[in-house]
Structure formats: structure tokens, C-alpha cells
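Engineer:
There are 6 protein chains.
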Amino acid sequence: MRILVVNVNTTAAMTAGIARAASEAASAGTEIIGLTPTFGAESCEGNVESHLAALGVMDAVLGYAGDYDAVIQAGYGEHGREGLQELLDVPVVDITEAGAQLAMMLGRRYAVVTTLDRTVPLIEDRLLLAGLDRHCTSVRASGMPVLDLEAHPDRAVAAIAEAAAEAVETDRAEVIVLGCGGMADLTETIVGRCAVPVVDGVAAAVRLAEALVGLGLTTSKVRTYAPARPKRLDGWPFAAAAGASPSDPQTVTRHDPVTRAS
Amino acid sequence: MRILVVNVNTTAAMTAGIARAASEAASAGTEIIGLTPTFGAESCEGNVESHLAALGVMDAVLGYAGDYDAVIQAGYGEHGREGLQELLDVPVVDITEAGAQLAMMLGRRYAVVTTLDRTVPLIEDRLLLAGLDRHCTSVRASGMPVLDLEAHPDRAVAAIAEAAAEAVETDRAEVIVLGCGGMADLTETIVGRCAVPVVDGVAAAVRLAEALVGLGLTTSKVRTYAPARPKRLDGWPFAAAAGASPSDPQTVTRHDPVTRAS
Amino acid sequence: MRILVVNVNTTAAMTAGIARAASEAASAGTEIIGLTPTFGAESCEGNVESHLAALGVMDAVLGYAGDYDAVIQAGYGEHGREGLQELLDVPVVDITEAGAQLAMMLGRRYAVVTTLDRTVPLIEDRLLLAGLDRHCTSVRASGMPVLDLEAHPDRAVAAIAEAAAEAVETDRAEVIVLGCGGMADLTETIVGRCAVPVVDGVAAAVRLAEALVGLGLTTSKVRTYAPARPKRLDGWPFAAAAGASPSDPQTVTRHDPVTRAS
Amino acid sequence: MRILVVNVNTTAAMTAGIARAASEAASAGTEIIGLTPTFGAESCEGNVESHLAALGVMDAVLGYAGDYDAVIQAGYGEHGREGLQELLDVPVVDITEAGAQLAMMLGRRYAVVTTLDRTVPLIEDRLLLAGLDRHCTSVRASGMPVLDLEAHPDRAVAAIAEAAAEAVETDRAEVIVLGCGGMADLTETIVGRCAVPVVDGVAAAVRLAEALVGLGLTTSKVRTYAPARPKRLDGWPFAAAAGASPSDPQTVTRHDPVTRAS
Amino acid sequence: MRILVVNVNTTAAMTAGIARAASEAASAGTEIIGLTPTFGAESCEGNVESHLAALGVMDAVLGYAGDYDAVIQAGYGEHGREGLQELLDVPVVDITEAGAQLAMMLGRRYAVVTTLDRTVPLIEDRLLLAGLDRHCTSVRASGMPVLDLEAHPDRAVAAIAEAAAEAVETDRAEVIVLGCGGMADLTETIVGRCAVPVVDGVAAAVRLAEALVGLGLTTSKVRTYAPARPKRLDGWPFAAAAGASPSDPQTVTRHDPVTRAS
Amino acid sequence: MRILVVNVNTTAAMTAGIARAASEAASAGTEIIGLTPTFGAESCEGNVESHLAALGVMDAVLGYAGDYDAVIQAGYGEHGREGLQELLDVPVVDITEAGAQLAMMLGRRYAVVTTLDRTVPLIEDRLLLAGLDRHCTSVRASGMPVLDLEAHPDRAVAAIAEAAAEAVETDRAEVIVLGCGGMADLTETIVGRCAVPVVDGVAAAVRLAEALVGLGLTTSKVRTYAPARPKRLDGWPFAAAAGASPSDPQTVTRHDPVTRAS
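From first to last, the protein sequence lines are chains A, B, C, D, E and F. Taking the UniProt record's numbering, the leading residue of the first sequence gets 1, the next gets one more, and so forth. Taking the UniProt record's numbering, the leading residue of the second sequence gets 1, the next gets one more, and so forth. Taking the UniProt record's numbering, the leading residue of the third sequence gets 1, the next gets one more, and so forth. Taking the UniProt record's numbering, the leading residue of the fourth sequence gets 1, the next gets one more, and so forth. Taking the UniProt record's numbering, the leading residue of the fifth sequence gets 1, the next gets one more, and so forth. Taking the UniProt record's numbering, the leading residue of the sixth sequence gets 1, the next gets one more, and so forth.
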């Protein structure tokens, strides 16, 4: 099984990190292909950047020449999942939704913790549209921007763990969904503070994509995600229009022993 | 007062029609500028086209060199209003939302009638996100695609009026919001069939934009629509990246007598 | 265009203030007529007074002999808008709802700030019935009664601005709707504290009424607001039954230059 | 125990019928006092009449000189219960709400059947405000006006039973709440058609009032129903202002044997 | 009238207390029969114990040989009311729901106060399923387990009253529903702290059962609570399967004077 | 990985069918153990049977002596998942919820089709409690009881496919969740009729359980599913109390080739 994991920003290093995380979460035999959009923002933290990401992701997937069984959009709260579902027959999984779905199976209420306050509305809107908001007790921001996180990982981990603890104690969350990624210590620190399960959206998305592919399920093509009617599109695909060379797909294959005893 | 009315597709003739409708709805002294995206679909009837429209509209507004007091996004159910609000300080009005808002002031429940079934979910999602869904009793499609409408206007008007009548009789709508445009006979025929007020989104948006501008109100810049943090955007603006020449703004000034007696 | 702005209490000085505020908000050429009920409470701060206001407003409108194009009910959270819509064909605008509607166009969540705790439920119920509650994050009271406000305007302004600041910081409001009126410094102080748009319900209602009238839209007469069936009403209209002389309409015409450049 | 049952219209014959029904539903030892407003409509079927009823009922209760333990507002979908709760310490029961409450104990979903289509919104709004709407599957109208019902009782019963049957079969109602009264054959016919429990609002209200009084429970006086602040009310009470003589209370005591074996 | 009041745990002393409370709340002439399950937990404070209670209560009722007019399930937040309604024709009342229903008649928002945090979700779920959650502003736990309450009644009363006060002051509750029982001083202390009505679920259930029985209303037998289709049940009733001797019904008859003056 | 799949009724043949379906849906290397309750109903189609199933399933799991990584409760709309989560640390998956979760990833609205009308409320309640109801457009019953299905499989398949078609055409479902099982032709026939994805709850549950186990996620033990406080349980476990011999676990191992190419 081959799953495309598409970053929502143009920073190839982040794609590599996401693909690595996806690969670690994948079942044996699943091949992860990381794609980076050829246009858009270096990081997504707002509405315009999210709209850019929607197209950047679609463009990256359409520009990928190989075969694949599912596509994961690896951004928290970004637009575009519906567009991918319209374009493709294979399952499409959004990491914001995937994290929420697994969280709902582990506890009665979950909270999402993210970095900046300005991404909270985007995550809330995505959960609302997906019908996954009812058991979301809060979306909390640590207040630290992404780049500060990288500069000061210890403080970042502490700030996010603090937001998670408030979600558990004040908002009555029983599960935490990470709405930000890339820090190895994060899950461990939160579990140490709150003793609740911590769900990473990328990992959840990989396993949910595997589940759908494994069952032979594909996106419904009646009504909402029916193929577009044939018509003239100017300036599409953007990558071609802009003369960009395709981004370099990053392939990460899981080489674990293929059978794990129960 | 100058209001930009931005078409969501690349068909300049539609922009002209929308700008004309906007101008007819405008108060005396309001100048309407119609803009056409330089990229995107020739008509918007689905998710991908809607995501393209989101960026096409932002690109068209950013590429407009003149002054303006408000922006109207003239598409039914399209993405992107939030992005415009983030980019701009002046009021931004989406016609799907504007029609719903005025309709809610005229009756207890409203229905939206549109053309194709596949646009229904997009309109429903927009109303849900805007918090305007509670009094929406249904979004009904006539089943006729846009181009057929132009080829057979009589049948198109009849089909949409039929959907409106079902909304009034079956779904208990008391007001009809048009989720499609450009036919002079439409309002008249619906009123003849159902005797309910008919709200056109473009007209509603113009008057709401005038209301906001007239009161000196601007978009809130705390949290959701705060200006983006400075960062590198690759391939933006698209128009420039793709080497497109700017679309030709269509200016329509309302030359009515400036005072109308009450 | 002539708009009746009907106070919900019997204090003529308040009517004058409301009419003045309405006039300042109105477009050039709009004439504002302030009406005061001939019966009811000197100020409305609860359920009984609100029910009295409902009838007092209807009575005042029915007793007005001149022509008019729209009616504004100028009370926060009062009953009666539905009755006016049943009685009249012209548009009817409630200031509680009008403030919410414009606020929803300026930010993702709004809060209402009002004076007394006991008016909070009335405002919440009005927003719920109008389907405008989904984006209302809180209705907060400053705890100061109306008359104390007049005696100590500085403290009143400070208390309301404090409630607004809490709404922005704690409840995540992005726009403030004033649920109380008459203080010139209020908007300025709130903007100084919170840097969010502040919407005044009276001003919003005037512009929304102008929008509806300008588009030729009238209240739907199917079902909810259909004219009453003919029947015997004892003791109605009350003003006549009680032998009251009609209240003195206060006319305020806006004499601004009629065209403002964009 | 003495319960005031207040009609919402000025037709004394209807008061007598309601008081008789209330008395038949009452426990042994409960005394029913029927009150008729001195002003308002001869029957309530719309918004204005409902606002009149709100004040007419309050006026009638305030004008009653005797002692009482609870008050029932006997109109379907009328305004005013909140005002009574503010005025009084004793329990106040609205028949629309009372019928819904008992119905919710007997089946998973209930429907209300009423006479005219124009009263449907009023009933829906009352249930929404009371938080009793979630299990209400529909409010259906038979389409026959009240007076026609009296002229053609057989046809009226058939029409209402037909609406009830549709609610059970189409809307999946498991209990029917009567939103109209005064016909002896109604319950029997509906049960014959649908085999579901039929709840009469007046009867339900009497038993709920008895329950509250029996437990010594009174209306909460913090916040929403706190006593009004002292202030000048012009033209109140209306009955006195209009020089009306008080309506004649109709007393109906239940003289059944006081103990019924279980 | 004879009402079965069924404890949800196996502690006979608690059954006696509940039956005594029920009897004190009952009308004259109502006979209360307390039943104790023959299996289950000594106290119910979680999901498994609640599922056991569901069957224990059904088993106890089926094992009762006498006649009865209604059944009360006397546990806060327990499962099983739907099963009893399926088994029986007579009215079935759950005390969690009964308390909420009467509370909704006394104030605009109510809160439930209970003992342990782990019972909060069960109570919330029961109110959600019953459609009684909309006016519930919070379910608060005092944090003290049941047995500690008995060991230290003063501290227990203080802790619960503290939770009630927070519900009134912070959550804007206007009525308190007791989600725990057995302490005579509780209501008095809460009223002393908060001056709001306090509703006990057992008392409310008795009066609501009386109301339903008094009106001749029975559970709807269409769809949700229709009698089970005939089929083989292994190991049912459990009491017989486990060889248990039937629990000893505790009869408490109310011998008050049968008529109380109003 | 070893997953217990627990039937909710006592019919061992059904357990075998469910285990076989689970095994076919499982990934290579996953071992499926089918368990049958030792008490309860031969088939579950109502509230009492569902409450029995809740305990029967818990009893069967507690009585299973081997190791396992996850538990699936294989009944549509049954009670008890929360109890299992309280008892166990390993993930617990309910098939009603699992089917809904995967369906929500494949289309905008899903419908559940089941056999008897009386199971519809149970399924609706389960989805409501799980917060998965927002995108469920309907739960439809074919009207044919389970045993008739077995006697007349062709008619049964036709009836369920008919219900599915109505859900797609009338209720606008884009995905069908099977709320009944055991018929090989069902999916094929529905896809032939409606061309929408068909999700089987058992298969979905297996893959979701695998996903959770694969990620090392376990049930949150704060608050709702915290281990029960130690206390005396009479008559538990039931199987032991009733002297039943443990049911015979049915093991079905998936022996597919362990690696499938993407």
C-alpha cells in the first residue's frame, strides 16, 4: 500500500519530518511518499495561507506521476480536503479530522492543543464541518509561534504541555489531540503531566487511511464529491502555469518485520 | 463609496452581469467595480473550482490598484471570504451570507434555490460556518446546469420557480434566497408562484457593504482575521507568477438621482 | 425614506437620544421619526416591562398617522418584533438583532455588553429566536443600573468597557455589540481597551432598514407574519381605550450633503 | 390547593370550558378558578393576539383578589409565562410546555397537533425557549380555524385526528400533544386511529402545578425572574386604566371522593 | 395509588431512606413500595455498576408480585429507564429526569450537584438522551464519595452546598437539582447559601408519577417501547437463575390527612 | 494482534458469522476470537435485550482467560461500550460507531439501514451519545425481522437495498452503513442500486481496533472510564453466579499472505 502524505507548506524539511512520523506510524508494508507543494507559505498559520495550502496540496497530488492508494493532507485546520475528495477516488484523510476520530474512541471528550491562537478558529471550523465538534471540549493554543518552538524546544514543550493540562483539568478533556507536530518529547511530557492518551494527527491519519484502503472503501462519488463537470480552467495546474519544476517526492518505506505477533 | 464586486469565475460576461446587478441595487453615489479573476474556472460548481475561486478572488483584489471601501465576493457557496477578511481592513461581504442575512429579517424561515445539486453542500457549509443555518429550512437545486439555463431561459426560470414553490409549500420557507443569478424574470416568476419575498445575494451584499462602510465599521483584527505573520510565500501572487496581465476592471457607476424621497 | 424609531419605554428624553443616534447613523435623505409609547415603563429591564413594551410599541406605531418606510424597535432584548411584522408590510428591524447581524460580518464571534444582569436572559432569548445565537460568545452585564449610569457616567463607561474587555479576552469575542446606549464615550473607550469593532444596535438597525427599503423588500406575509384573521379585540388600541393623547413624534432629518464620495 | 387557570382570550365561554377540563384533571381537593382577561382578542391565533394575551393574563391575575397556590396560562404558544414568573412567587405553568413535559415521559418523540398553520411558529418558539424542542418531532396544523371547528365538530375531529396520524406515521411521533381543546371526542378518535397516548395541555398543567405546590417549590427569584426594580409604569394595570370592571372569576371545585385506590 | 420505588443498588438501608423520602413527598393516599435489587453493586458510581443497575431494577420489578400504578427508578444517571418502559405499560419515571423537569419549570437554567466526578458523565448522558440538557448549565461534583458523606455529614453538606453556590454564581444556575440524596440538612443549607429552589429527584419523580397516573396516561407502545418480540432469553430473570430469594419489599404508606387546604 | 469480537446475543452461529466477517476484514497477522455471551437473548432487537447484551458482553470478556489487544462489541445500537471501557485498558470499539466513523470519511452524509423499526431509536441514541449523529441523515428500517431475513434472503436483500436507495435519493445520504449483517449479497446489491460506498460495522471496527492498537493507544482512565472504586458486587459475574459454563471462544486467524503490495 502506498500513501501520499502531503505537507501544506513549502518547507521541505517539514515534509521530511511528517513523512518520517507517518512512516513510523504505518503498518509494515505501507510505503509513505511525502510531497511538498511547489507554491504556498513556508508555514501555515492563517486563512490566506490555508487557502493557498488547499490548492498547493491538490496541485502536488495531481503532479505526482506514480500510483498511490490514499492521500493524507498533513495540516492542522487547513482547507482543501473536500477538493481532494472531488479530484480523487482513493480515500483522502485530513489529519485534523483523523486525530479527532481516534480521540473520540478513547475518551468522552477530547481537546486539541496547538501553537498560535490564530489557528484555533481554523481547527474549530474544520471539526464543525466534519461533524466532529460535539465531543471537542476545547481547542487551546500555547501562544508560541512555530519558529520559536524550534528555537526553544524545551519551552515549547512546556507551553504545550501546560495547555494540555489546562484542557484536562479545566475543560474536562480525557484525551489530547496534538494540533502541532515535530517534537519527540511532546507526547511523553503531556502523558507525564496529565496521564491521558495523546493522539497525533499524522499517525492517526496513516492508520485510518490504511483501514479504508484495507477494506476497499473509496470516496463516494454521488453529489458532494462527484467529479467536476468538464469545463475550462485557466491557469491550472498552477505548477505548470508558473513554470515550476515538480517538487521532489520523499519516499519513506517502513522496513519493519512485516508480521507482528498479537 | 467604491465597492469591488469580484466574480468567482473567469467569464468576463458574467462579471459584467453581476456588476450591473450590483449597480442597480446600489445607493446613489456608490460606484461598483467589477473584477474578474485571471485564473480559475469559467464557472464554479464544485469543490475544486471553489478553492480556485478563493485564491482567484484574493489575487484579483490584491492586483487592483485603486482605492475601495468594501469588497463583495460574488459566488454562491464559494470558499475564501475568511481569507479576504484577513488580507483587508475594509468590510468583506459574501453574497451567500448576505442573502441569508436579509432573508432572516423578512420571514421566519428562508430557503435557498440554486442550479445544480452539487452546489448544495457548498452553500450549506457556508451557512453553517457563518452561523446563519438555523433559519435555513432547505437549499434546493433545480437540477439544471448553468449553461442549459442560458440556452433555455424559460425552462430554467420555470425549474427554479418550481424549486422555490416546493421550498415554500413543503419546507415551510417564508422567504426565497436566490442562489443563482442573471435572469431578469426570475424574481417576478417566483413572486407570482409563491407570493414570498425574493432576495438576491448580490443586491443584499451591496446594501450590507454600504451599511458597514456608512457606519465606519471595519473587520476585526484580533485573532481570526489578524494580519498574517510575515513569512515567505512562494508563487504568490499567482497572477504575477503566471505572467498574467491583470484583468480589466469593469466600472459601473450608479447615476440615479442622488436623493430618493422616502 | 422615512423610518420610525420607536422607543420601548415612556421616557421621552430617551426617545430623543435614540432618534438623534439614529439620525447620525442614517444615510443622507433618510428622515428619522422618534416615537414614544403612551404606556409602559420608564425604562425596560425585565420580563413584564418587556411585554408592556411589545404592546406599547405596536400601539405607538398604529397611532402614528403619517407615512413611513420601515420601523425600528429600539430596545435591547424586548418582545414584540414579531407582532410588528404581523401588523405591517414595511420592514421591521429589532436593534438587538441588527447589532448581532452586522457584528457577525466583522468577526467570527461577538459578545453583547449590557447593563443589568436581569436583561441578559432577555437578550439571549431574542438572539436564540432570531437564529443569531451561534456566533454569540457571551452576553455580559456591567452590573450597573441605567440610572446609575446617568448619575456616574465615567464609572458606567469604565464598567461596560471592563465587561467588553473580559468578553474579548476570556470569551474570545472579536466584536462587541452594545446592549445599552446613550453614552458618547462608550465606543471610544472600548476600542481603546480592546481594539475591536463596536457595533451600536440603533445605528445598525437604521442601516439595515435602509438596505431593505432600498431593495424594495417587505415582510413575508405567508404563515408566520400573515395578517391576523378578522376578530373582535377588546381594549385595543390601548391608547384610545385609556383616553391617552398620542405621543408627540420627534422628527430628525439628516441634512448631510447627500452624496459622499467613496 | 387553589389554582388559577387563566384563559388567553376574552371569550368567557372558553374560560368555562377550560376550567371544567382543568377541574376534571385535578386531584381531589384542588380548587380551580378560571379567569378571563378583560382585554385582548376573542381567540388567539397570531403574534399580536399573543402579545395582547401576555398582558391580559398578567392583568387578570394581578386583578384577582383572592389567594392562590399556582397559576396556569391556558393558551397554546402564547407569550407571557416569563412575565408571570417575574410577578409571582407561586409556580406558573404554561400549557404548551406542560403538555410537552408529560409527553416526553411517555414516548421518545412527541408531536403537537393544532388548528391553524399560523399558530405553528408560536408553538415551536415556545418549545424552543423552554428547551423542550429536542424531542418534538413536528407541530402539525389541521388547517381548520377554531370557529369552523365549532360549527362542524365531526369534520374538525377528523381533520385533527388525520394530522395526528400523519405525525405518528410520517414524523415518527410516539405521543400526541393536543395544541387545541374543547372537543370531547378528540382523544378517543386519535387513540382509535394511532394507538398512542394523547396529552392535553390543560390537564398536564394542572397536575404539574399540583406537583410543584405539593413539594413546596416556588419560582426562582435570582436573575431571570427576580422582582422588577421599582419604577414608574404608565397605564398599568390596563384594566384599571381602561375603566374595565374586573372579569368574573369562575370557580370549579373538584368534588370527587378524595381518595382513589391505587 | 401504589408506586414502586426501586433502588439501583443492593443496600437495603438506602432503599429504606429513598422510600421514606418518596413517602414524604407523596400525596395523601399514595402508597410507596421500596424495592431492592437482588444483585448489583452496593452503590452505583460508574458505568459497569450502572449497567448492572439497569438489569437489577428490571429484575426487581418483574419479581414483584403485587399490583402497582407506576415505577420510579431511583438512581442518578443510571441506565435502564428505557428497558422498564419496554417491559411495562404503567408510567416509568427516572429521578434524574424528573428532577430536571421540575427544575425547568422554576427557573431558566438549572444545575445538578452530585458527589463524585465520575458520575457527572452518566448524568449528562441521561439528560442528553432525555432531551433535557438544553437548560442544564452544569453538572458539578463535590468530590466526596458517598461513604465519606455518611462518615462526615457536615463536611459533605458543606461540600455539596459549595458546589451548588458555584453553579449559581459561576454557571448562572437559577435552580439546583440534587444528584445525591439522604441528607436532611442539604436543601436547607443550599437555600441558605444561594436562595434558589432545590429540587430532589425522588420527590419530583413521585409527584410526576402521580400526575401521569392521575391522568390515566401510560407509556406509548408504538416503536421505541413496543413489547419485545417473543424470543428465547437465556439466564433471565437473573434472580431466578442465580437462585436468589426475592428482596423484601418495603412498604411505606402516606397517612396524612387526605385533603390539604390550598 | 488478537482482537476479541463479542456477539451481543446467545446464538453461537451468529458469533461464527461475525467472527468470519471480522477475520476477512482483518489485516494479515490479526487473530480474531469470537465470544458468545452465556446469557441474554437469541437476538437483540429492543431495549431489554440491549441491556442484557451490555452485561452479557462484559461477562463474556471478563470470563475469557487469554490475552487480547482490543475488544469489539458486535451489536447495532446496543448498550454497554462505556462499561467495557471502564473495565478494560485495551481499546474498545462498538460496531455502530465504527461504521459511522469510516462512513464520515467517505462522504458528506451517511445513512444507516437496519432491519426492524424498533432498533432505529437504539441506533440513533448510540450515535447521539458518541457525537457521531451530525452527519447521519437517517436511520432507516427495512421492516423485515431478522429471522424472516434468513428464511427469505432474496426478499431481505431487496428490502434492505430498497431502504438504502431511499436513503440516498430522499435523505441525500452519500454512504450507507449496514446496521445488520450476515448477507453476502447485500453490499453488492446496494452498490448496484445506489453506486455509493457501503460500510459494514464489523469490518470497520476491526480496522479501527487495529489502528488504535497499532499506535499503542489505550482508553483514557481519567474520569469517565476510570476504574471502578472497590466495592461489593452481588451476583457478579453473572455467568459464575448462574453456574454457567463459559462459552466456547471461536478463534479465526487470518492466514493471508502477510504483505500486500500497495
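The beta carbon of each residue, even a glycine, is placed where N, CA and C say it ideally should be.
For chain B, find out if any of its Cβ atoms is closer than 9 Å to the Cβ of histidine 79 (chain A); answer yes or no.
Structural biologist: Here residue 79 (chain A) refers to the residue found at position 79 of the first sequence. Cβ-Cβ to chain B under 9 Å: yes for histidine 79 (chain A).
Engineer: Kindly indicate if chain B contains any beta-carbon less than 9 Å away from that of asparagine 7 (chain A).
Structural biologist: Indexing the first sequence from 1 puts residue 7 (chain A) at position 7. Taking Cβ atoms only, chain B never reaches closer than 9 Å to asparagine 7 (chain A), which makes this a no.
Engineer: Would glycine 131 (chain B) and methionine 104 (chain C) qualify as a contact pair, given that the criterion is a beta-carbon distance under 9 Å?
Structural biologist: Taking the first residue of the second sequence as 1, we reach residue 131 (chain B) at position 131. Taking the first residue of the third sequence as 1, we reach residue 104 (chain C) at position 104. Yes; because the gap between Cβ atoms is below 9 Å, this pair is in contact.
Engineer: Is the shortest distance between the beta-carbon of threonine 219 (chain D) and the beta-carbons of chain E less than 9 Å?
Structural biologist: By one-based count along the fourth sequence, residue 219 (chain D) stands at place 219. Taking Cβ atoms only, chain E reaches closer than 9 Å to threonine 219 (chain D), which makes this a yes.
Engineer: Within 9 Å of any Cβ in chain B, is that where the Cβ of valine 168 (chain C) sits?
Structural biologist: Translated into the one-based positions of the third sequence, residue 168 (chain C) becomes position 168. Valine 168 (chain C) counts as touching chain B.
Engineer: Within 8 Å, do at least three Cβ pairs link the stretch 70–77 of chain E to the stretch 190–207 of chain E?
Structural biologist: Touching, yes.
Engineer: Alanine 261 (chain D): buried (16+ other C-beta within 10 angstroms of its C-beta) or exposed?
Structural biologist: The residue given as residue 261 (chain D) occupies position 261 in the fourth sequence. Residue confidence for alanine 261 (chain D) is low, a pLDDT of 31 falling below 50, so the modelled location carries little weight and cannot support an answer.
Engineer: Using the beta-carbon of each residue, which ones in chain B are nearer than 7 Å to serine 138 (chain A)?
Structural biologist: Looking up residue 138 (chain A) in the first sequence gives position 138. Those within 7 Å of serine 138 (chain A) in chain B number zero; the least Cβ separation is about 15 Å.
Engineer: Closer than 9 Å, Cβ to any Cβ of chain F: which residues of the stretch 109–136 of chain E, in chain order?
Structural biologist: Residues Leu116, Asp117, Arg118, Val120, Pro121, Leu122, Asp125, Leu128, Leu129.
Engineer: With a CB to CB cut of under 7 Å and the five nearest residues on each side skipped, what residues in its chain are close to threonine 218 (chain F)?
Structural biologist: The residue you call residue 218 (chain F) lines up with position 218 of the sixth sequence. Here the set comprises Asp89, Val90, Pro91.
Engineer: Of all the CB atoms in chain F, is at least one closer than 9 Å to the CB of arginine 223 (chain A)?
Structural biologist: Residue numbering aside, residue 223 (chain A) sits at position 223 when the first sequence is read from its first letter. By this cut-off, arginine 223 (chain A) is an interface position.
Engineer: On the DSSP bridge list, what partners appear for glutamine 85 (chain D)?
Structural biologist: Counting from 1 along the fourth sequence, the entry for residue 85 (chain D) is found at position 85. Partner(s): none; glutamine 85 (chain D) has no beta bridge.
Engineer: Here's the rule I'm using: 16 or more other beta-carbon atoms within 10 Å means buried, otherwise exposed. How should isoleucine 3 (chain C) be labelled?
Structural biologist: In the third sequence, the residue the question calls residue 3 (chain C) occupies position 3. With 16 or more other Cβ atoms within 10 Å, it is buried.
Engineer: Among C:Ile176, C:Ser43, C:Cys194, C:Glu124, whose alpha-carbon lies nearest the alpha-carbon of valine 113 (chain C)?
Structural biologist: Walking along the third sequence from the start, residue 113 (chain C) turns up at place 113. The shortest C-alpha separation from valine 113 (chain C) is found at C:Ile176.
Engineer: Can you tell me which of F:Leu208, F:Leu215, F:Glu45 puts its alpha carbon nearest to the alpha carbon of threonine 10 (chain F)?
Structural biologist: As a working note, residue 10 (chain F) is residue 10 in the sixth sequence. Here the closest residue by C-alpha is F:Glu45.
Engineer: Quick one: which residues of the stretch 47–61 of chain D get their C-beta closer than 7 Å to a C-beta of chain C? List them in chain order.
Structural biologist: Listed by position along the chain: Asn47, Val48, Glu49, His51, Leu52, Ala54, Leu55, Met58.
Engineer: By the 7 Å beta-carbon criterion, what residues does the stretch 91–110 of chain F contribute toward chain A?
Structural biologist: Those would be Pro91, Val93, Gln101, Leu102, Met104, Met105, Leu106, Gly107, Arg108, in chain order.
Engineer: Tell me whether aspartate 94 (chain C) counts as near the ligand ADP, meaning its Cβ is closer than 8 Å to at least one heavy atom of that ligand.
Structural biologist: Judged by which ligands are present, the structure shown has none, so any question about the ligand ADP falls away.
Engineer: Express the C-alpha separation of glycine 56 (chain C) and proline 246 (chain C) in angstroms, rounding to a whole number.
Structural biologist: Here residue 246 (chain C) is taken as the residue at index 246 of the third sequence, counted from 1. Here residue 56 (chain C) is taken as the residue at index 56 of the third sequence, counted from 1. For proline 246 (chain C), the predicted structure reports a pLDDT of 48, less than 50, and the residue's modelled location is therefore unreliable. A value from the coordinates is still provided. If I take the Cα positions, the gap works out to 12 Å.
Engineer: Is it buried or exposed, histidine 152 (chain D), if we count other Cβ atoms within 10 angstroms and call 16 or more buried?
Structural biologist: Numbered from its first residue, the fourth sequence carries residue 152 (chain D) at position 152. Flag for histidine 152 (chain D) reads exposed.
Engineer: Using the beta-carbon count (16 or more within 10 Å), is threonine 38 (chain B) buried or exposed?
Structural biologist: Walking along the second sequence from the start, residue 38 (chain B) turns up at place 38. The residue in question, threonine 38 (chain B), is buried, as its Cβ has 16 or more Cβ neighbours within 10 Å.
Engineer: Can you check whether the C-beta of valine 177 (chain A) is within less than 9 Å of a C-beta belonging to chain F?
Structural biologist: Here the question's residue 177 (chain A) lines up with position 177 in the first sequence. It does not: the Cβ of valine 177 (chain A) has no partner Cβ on chain F nearer than 9 Å.
Engineer: Go ahead and label glycine 107 (chain F) buried or exposed: buried means 16 or more other beta carbons lie within 10 angstroms of its beta carbon, across all protein chains shown.
Structural biologist: Indexing the sixth sequence from 1 puts residue 107 (chain F) at position 107. Buried, by the Cβ-count rule.
Engineer: Roughly how many angstroms lie between the CA atoms of glycine 34 (chain B) and alanine 22 (chain B), to the nearest whole one?
Structural biologist: Position 34 of the second sequence, counting from 1, holds the residue named residue 34 (chain B). Position 22 of the second sequence, counting from 1, holds the residue named residue 22 (chain B). Answer to the nearest angstrom: the Cα atoms are 9 Å apart.
Engineer: Provide the residue span of the beta strand (DSSP E) that contains alanine 74 (chain B), from first to last.
Structural biologist: Locating residue 74 (chain B) in the second sequence gives position 74, where the first residue counts as 1. From DSSP, the beta strand (DSSP E) with alanine 74 (chain B) extends over 70–74.
Engineer: Assuming the contact rule is C-beta atoms closer than 8 Å, alanine 54 (chain B) and threonine 36 (chain B) should be a hit. Round their C-beta distance to whole Å, please.
Structural biologist: Numbered from its first residue, the second sequence carries residue 54 (chain B) at position 54. Numbered from its first residue, the second sequence carries residue 36 (chain B) at position 36. Actually they do not touch by this definition, with Cβ atoms about 15 Å apart.
Engineer: So, with DSSP's three-state summary, where would you put aspartate 67 (chain E)?
Structural biologist: Position 67 of the fifth sequence, counted from the start, is the residue given in the question as residue 67 (chain E). Three-state DSSP puts aspartate 67 (chain E) in coil, outside helix and strand.
Engineer: So what's leucine 102 (chain B) in DSSP terms, helix, strand or just coil?
Structural biologist: Looking up residue 102 (chain B) in the second sequence gives position 102. Here leucine 102 (chain B) sits in helix by DSSP.
Engineer: What's the C-alpha gap between histidine 255 (chain B) and alanine 28 (chain B)?
Structural biologist: Taking the first residue of the second sequence as position 1, residue 255 (chain B) is located at position 255. Taking the first residue of the second sequence as position 1, residue 28 (chain B) is located at position 28. With a pLDDT of only 43 at histidine 255 (chain B), under the threshold of 50, the placement of this residue in the model should not be trusted; the figure read from the coordinates follows. Cα to Cα, the separation comes out at about 7 Å.
Engineer: Classify arginine 207 (chain F): buried if its beta carbon has 16 or more other beta carbons within 10 angstroms, exposed otherwise.
Structural biologist: Numbered from its first residue, the sixth sequence carries residue 207 (chain F) at position 207. It is buried - the Cβ of arginine 207 (chain F) has at least 16 other Cβ atoms within 10 Å.
Engineer: Just verifying my parser: in three-state terms, what is the DSSP assignment at arginine 2 (chain C)?
Structural biologist: The count along the third sequence starts at 1 and reaches residue 2 (chain C) at position 2. Here arginine 2 (chain C) sits in strand by DSSP.
Engineer: How would you label proline 257 (chain D), buried or exposed, when you count the other beta carbons within 10 angstroms and need 16 or more for buried?
Structural biologist: Position 257 of the fourth sequence, counted from the first residue, corresponds to residue 257 (chain D). Model confidence at proline 257 (chain D) stands at a pLDDT of 34, short of 50, so the residue's coordinates are unreliable; what they give is reported in the following sentence. Looking at its Cβ environment, which holds fewer than 16 other Cβ atoms inside 10 Å, proline 257 (chain D) is exposed.
Engineer: Check the Cβ of glycine 83 (chain D) against every Cβ in chain C and list those closer than 7 Å, keeping chain order.
Structural biologist: Taking the fourth sequence and counting its residues from 1, one reaches residue 83 (chain D) at position 83. By Cβ distance, chain C contributes Asn47, Val48, His51.
Engineer: Taking buried to mean at least 16 other C-beta atoms within 10 Å of its own C-beta, is threonine 15 (chain A) buried or exposed?
Structural biologist: As a position in the first sequence, residue 15 (chain A) is number 15, starting the count at 1. Threonine 15 (chain A) should be labelled buried.
Engineer: Going by beta carbon distance, what residues of the same chain come within less than 8 Å of tyrosine 225 (chain A), once the five residues before and after it are set aside?
Structural biologist: Counted from its first residue, the first sequence places residue 225 (chain A) at position 225. Around tyrosine 225 (chain A): Glu82, Gln85, Glu86, Thr219.
Engineer: Report yes if the C-beta distance between leucine 122 (chain B) and cysteine 136 (chain B) is below 9 Å; otherwise report no.
Structural biologist: If you number the second sequence from 1, residue 122 (chain B) lands on position 122. If you number the second sequence from 1, residue 136 (chain B) lands on position 136. No; because the gap between Cβ atoms is not below 9 Å, this pair is not in contact.
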